[in-house]
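Protein chains in written order, with my numbering: chain A, 1 to 175; chain B, 1001 to 1496.
The beta-carbon is built from N, C-alpha and C at its ideal position, and this holds for glycine as well.
Given the structure is predicted, the values throughout are model-derived calculations rather than measurements.
Inspection log for the structure reproduced underneath, given as structure tokens.
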Amino acid sequence: MESSKVIHAFYTDDEVLLDAVKTVKAAHHHIEEVFCPFPVHGLDKAMGLAPTRLAITAFLYGITGLAFAIWMTNYMMIDDWPQDIGGKPSFSWVENMPAFVPIMFELTVFFAAHLMVITFYMRSRIWPFKDAENPDPRTTDDHFLMEIPVHNNEAELTSLLSETGAVEINVVDKH
Amino acid sequence: MYQFSGRLKTFSLALIVLGFVGLAYSFYNGSQKTLEDAKHAIEAASNDAHGGGHGEAATPHEAEASHDSHVVKTDNEAHAAMIHASEDKDTSHGDAHASSEAHGTSHDDEHATHVLHQLQNRPWSAFYVALFFSLGLTLLVLTFYAIQRVAQVGWSVVILRVMEAITANLLPVSIIMILVLAASVMHINHLFPWMAEGVFDPESDKYDAIIDGKSIWMNATGFMLRSIAYLVIWNAYRFLIRKGSIKEDTANDGNKTYKKNYNMSVIFLFLFMITESMMSWDWIMGLDPHWFSTLFGWYVLATLLVSALTVIAFVTIYLRSKNALPGINDSHIHDLAKFMFGFSVFWTYLWFAQFMLIWYADIPEETTYFVARFTEYKLPFLGMVVMNFVFPILLLINSDFKSRPWFVFIGGTVILMGHYVDVFVMVMPSTVGAQWSFGIPELSAIFFFIGLFIYTTFSAFAKANPITKGNPFLKESEHFHYYNIEHTGEGSGDHH
């Protein structure tokens, strides 16, 4: 592996980190990953990541939930066992639609929320019993970590990073 | 300091004069209505509705037939008396409707008098709809302003003065409101059916047992006292907070004035939540004295709140385009549009919640409210759901659109029109019934109140510093930047 060496730069403040990311990007270095204890607004934009497509999947899941709710209410209340809803025995889904609106709303939200979370986990490669990927446990507490691959420019990167307010800079072999 | 430009002043005064002339004409026209006009109107209406009703009832479909006969029945009722005790089956009055095939002459005359009252009500109702809408949205701007103070909101500090300026409209519309309500109590108009003579008199043939049972609440003295109390409370807060807010600019007393304003706003919000609900029962639900809905206060609140936020956004966008608002950026517009979007959904939720429970239970004295709206007001009643829900959702769901003045303007215009229609549909079915239309009286009233609004708002804005200088959160508001949008007219590096 050619690029098995990486630099880990630690920060203790999200604003300092955000400025550091901008400085590193301005110097045309590739940032492999940033590990944070909490989401930092604007970090994705500063790192130049493509916008998330999670919203699109949420919309599709919502439509699926809505369709499922329509099918389910129609099957349960009209087809399989016709019900007299609110003293209005029309046995028509359309005429009883107001009664089904809460169900349609709830299932739309249910599908969108749950499937979106599952999609997020899969996309982030998180599943039960998986070992943590973050290189340092401090990133789950009060430290931010920026990971930059080294291409024979260790000295240059180290001096750049120390100027950005990093509290600790380590060069590690990544396996 | 902002200067109330001569052109805008002339424009607002022209609107007031135009509205006033139109209203004078409509009121004169309304007072000239005679029983003959009423009989003409009945004839025209019964030709329409009977033809339609019978045609539908003839459909062979079993399920449809039962549904339609319901509609035909309610059509008859609607002509006779939507407001009278049509659902009170025990009174002889109710029986007369049940056998409405046999129209006696005396009944015909009574009916004609009723329709005449509806025709005479039209200019009053048109004025009342615009008046209530103007008063309500100004009040909700004041409430939103109080919320900003109580929650010590950071982002909105640069537009606090905009909200304050809008609330200058409260005093004139409150005075007009008191005059209109006094006119109702003095029988100059017939807006509130429970104020009619004989309703509380068991000897009278107009005696109404249901309303008599509510006489602890529904009596002219209590009504006027409560109405005056609401308006005095709101105007007192508006007067005191405006004074306190201007004092805050130069106070420099370690936030003592700021805290005093905070305390005042807490008290106001507490009183507001009580008076707002009671106001909606008295001024709107009282138009249908038999009918009641427990979430009506919330429903009216939602309508007025989304309109208030739209108006704040409009005035903010206008003043920003005149460079009269230092410190404002796209994120402030974005936040206002988010509120417009969110409260549009909230309104729909309450609109539907109220409808669904009544639809589900199907109790006659509750469904009359929606029957009247589904038969004679179908287009405005369903059209407003498109205007107040579907359109704002589709237009404002996009994050980028919410910070573009043009999109906010288009969305806001539809929202304001939609909520005017909402108030229209709250008031008109009970006061003018089938005799509704949209013409000179309605337009004149709208012009009059828009003119008044522009005049009071911008002259008040010109009287004070456009920024609340003494507010401790001013800096936070000036630097406010929602992370997800790019500001126009400045470098993207101005983040911190």
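Are the C-beta of residue i and some C-beta of chain A separated by less than 8 Å?
i, result
"F1355 (chain B)", "yes"
"W1359 (chain B)", "yes"
"V1072 (chain B)", "Because V1072 (chain B) sits at a pLDDT of 39, beneath the cut-off of 50, its placement in the model cannot be relied upon, and the point is left open."
"Y1483 (chain B)", "yes"
"F1480 (chain B)", "no"
"H1097 (chain B)", "Caution applies to H1097 (chain B), whose pLDDT of 43 falls short of 50 and renders its modelled position unreliable; the value that the coordinates give is listed next. False, the Cβ-Cβ gap to chain A never drops below 8 Å."
"H1061 (chain B)", "Its pLDDT being 42, under 50, H1061 (chain B) is placed unreliably by the model, and the measurement read from it follows with that caveat. Taking Cβ atoms only, chain A never reaches closer than 8 Å to H1061 (chain B), which makes this a no."
Is the Cβ-Cβ distance between residue i and residue j less than 8 Å?
i, j, result
"I1159 (chain B)", "H1332 (chain B)", "yes"
"K25 (chain A)", "V150 (chain A)", "no"
"G1411 (chain B)", "L1015 (chain B)", "no"
"T64 (chain A)", "F120 (chain A)", "no"
"F1352 (chain B)", "V1306 (chain B)", "no"
"V40 (chain A)", "L18 (chain A)", "yes"
"I169 (chain A)", "E32 (chain A)", "no"
"H29 (chain A)", "L157 (chain A)", "yes"
"T23 (chain A)", "T164 (chain A)", "yes"
"S1125 (chain B)", "V1427 (chain B)", "yes"
"V1345 (chain B)", "M1384 (chain B)", "no"
"I1415 (chain B)", "T1310 (chain B)", "yes"
"Q1032 (chain B)", "V1432 (chain B)", "no"
"P1289 (chain B)", "W1194 (chain B)", "yes"
"S1227 (chain B)", "D1282 (chain B)", "yes"
On the criterion of 16 or more Cβ atoms from any shown chain inside 10 Å, does residue i qualify as buried, or is it exposed?
i, result
"L1140 (chain B)", "buried"
"Y1369 (chain B)", "buried"
"S1477 (chain B)", "buried"
"A1308 (chain B)", "buried"
"E1101 (chain B)", "Any reading at E1101 (chain B) needs caution, since the residue's pLDDT is 44, under 50, leaving its predicted position unreliable; the model's value is listed next. Its Cβ having fewer than 16 others within 10 Å, E1101 (chain B) is exposed."
"F1438 (chain B)", "exposed"
"R1007 (chain B)", "exposed"
"R1149 (chain B)", "buried"
"K130 (chain A)", "exposed"
"K1402 (chain B)", "buried"
"D142 (chain A)", "exposed"
"V1180 (chain B)", "buried"
"Y1420 (chain B)", "buried"
"M1279 (chain B)", "buried"
"N976 (chain B)", "Absent from the model: residue 976 (chain B). The displayed extent of chain B is 1001 to 1496, so no value can be given."
Considering only the alpha carbon of each residue, which of the options lies closest to residue i?
i, options, result
"V250 (chain A)", "A:A67, A:E15, A:D13, A:V24", "Nothing about residue 250 (chain A) can be read from this structure; chain A reaches only from 1 to 175."
"K1243 (chain B)", "B:R1226, B:V1386, B:N1261, B:N1471", "B:N1261"
"A1464 (chain B)", "B:R1161, B:E1036, B:D1037", "B:R1161"
"E106 (chain A)", "A:A155, A:M72, A:N153, A:A55", "A:M72"
"I1233 (chain B)", "B:P1202, B:F1133, B:S1174", "B:S1174"
"R1373 (chain B)", "B:D1400, B:S1430, B:L1305", "B:S1430"
"Y1318 (chain B)", "B:A1041, B:Y1483, B:T1375, B:I1166", "B:I1166"
"L1171 (chain B)", "B:L1295, B:T1348, B:F1292, B:Y1455", "B:Y1455"
"G1254 (chain B)", "B:I1397, B:G1470, B:W1283", "B:G1470"
"H1111 (chain B)", "B:R1122, B:T1143, B:K1039", "B:K1039"
"T1138 (chain B)", "B:V1315, B:F1355, B:F1409, B:I1440", "B:V1315"
"S1024 (chain B)", "B:N1484, B:A1445, B:F1461", "The amino acid at residue 1024 (chain B) is misidentified as Ser; the sequence shows Ala. Closest option to A1024 (chain B), Cα to Cα, is B:A1445."
"Y1237 (chain B)", "B:Y1258, B:D1212, B:V1266", "B:V1266"
"P49 (chain A)", "A:V21, A:V167, A:W81", "The question names Pro, yet the displayed sequence has Leu at residue 49 (chain A). When only C-alpha atoms are compared, the closest one is A:V21."
Examine chain B for any beta-carbon lying closer than 8 Å to the beta-carbon of residue i, and answer yes or no.
i, result
"T164 (chain A)", "no"
"V16 (chain A)", "no"
"H28 (chain A)", "no"
"G65 (chain A)", "no"
"G62 (chain A)", "no"
"G48 (chain A)", "no"
"H41 (chain A)", "yes"
"Y11 (chain A)", "no"
Could you list which residues in chain A have their beta carbon closer than 9 Å to that of residue i, in chain order?
i, result
"F1381 (chain B)", "Per Cβ cutoff of 9 Å: no residues; F1381 (chain B) is ~14 Å from chain A at best."
By the criterion of Cβ-Cβ separation under 9 Å, what are the contact partners of residue i in chain B?
i, result
"V101 (chain A)", "F1352, M1356"
"P98 (chain A)", "F1352, F1355, M1356, W1359, Y1360"
For a contact meaning CB atoms closer than 7 Å, what does residue i contact in chain B?
i, result
"K25 (chain A)", "Going along chain B, no residue has its Cβ under 7 Å from K25 (chain A), so there is no contact; the nearest lies around 13 Å."
In chain A, what lies closer than 8 Å to residue i by C-beta?
i, result
"D1362 (chain B)", "G86, G87, K88"
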